[in-house]
Amino acid sequence: MAPRRRAPLLARVPERKDPHDIRANPKVQLAQAKRFATGVLEHYNKRKKIKFELLDAKPVISIPEPRCCYTHINFTARTSKEDSEEQLFFAEIYHCGPRRAPNGFIVTCCEPLGPDSAGDYFSFLLVKE
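Using the UniProt record's numbering, the letters of the sequence shown correspond one by one to residues 1 to 129.
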């Protein structure tokens, strides 16, 4: 019988001593959030007159369901116009795999939030200032 293969070391948080701790490395999480936000913003820009450029992505929250997985994303973007203000966005994606969509997900929602909304770290909590 072949020996069990361990999870890749790059996915583990470097400072943890426990070899069974498989929480994702924060750098990996941030790279994933930026990849998702970039894809969502490309989708949004194709459908709108005003084009936005990604500034920052927050950590994402994935919601597994029996036959699928959704991810909530908060990110900030700005238009290419001079003196444009940073805009907070909320998005939801459905993970479908590369057969249905080249980037592996379908955007189910992407909305810019108003200036009186503050997006929480956990993506789904919105608090009025």
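The beta-carbon is built from N, C-alpha and C at its ideal position, and this holds for glycine as well.
Given the structure is predicted, the values throughout are model-derived calculations rather than measurements.
Please look up how many angstroms separate the CB atoms of residue i and residue j, rounded, as I've assumed it's under 8 angstroms.
| i | j | result |
| --- | --- | --- |
| Ala57 | Ala24 | 15 angstroms between Cβ atoms; not a contact. |
| Phe75 | Phe89 | 5 angstroms |
| Lys51 | Ser84 | That pair is no contact at about 11 angstroms. |
Figure out for me which residue from the options has the closest Cα to the Cα of residue i.
| i | options | result |
| --- | --- | --- |
| Asn103 | Phe52, Arg35, Gln29 and Lys27 | Arg35 |
| residue 138 | Pro59, Phe105 and Gly114 | Nothing can be reported for residue 138: it is not among the residues displayed for the chain, which extend from 1 to 129. |
| Ala91 | Ile50, Gln29 and Ser62 | Ser62 |
| Cys110 | Pro66, Glu42 and Gln29 | Glu42 |
| Glu82 | Thr71, Gly114 and Glu53 | Glu53 |
| His72 | Val28, Arg99, Pro66 and Ile93 | Ile93 |
| Leu113 | Cys69, Gln87 and Pro26 | Gln87 |
May I ask you to list the residues that DSSP assigns as paired with residue i?
| i | result |
| --- | --- |
| Ser62 | Thr71 |
| Ile93 | Thr71 and Val107 |
Tell me the DSSP secondary structure of residue i in three-state form.
| i | result |
| --- | --- |
| Pro112 | strand |
| Ala33 | helix |
| Glu86 | coil |
| Arg78 | strand |
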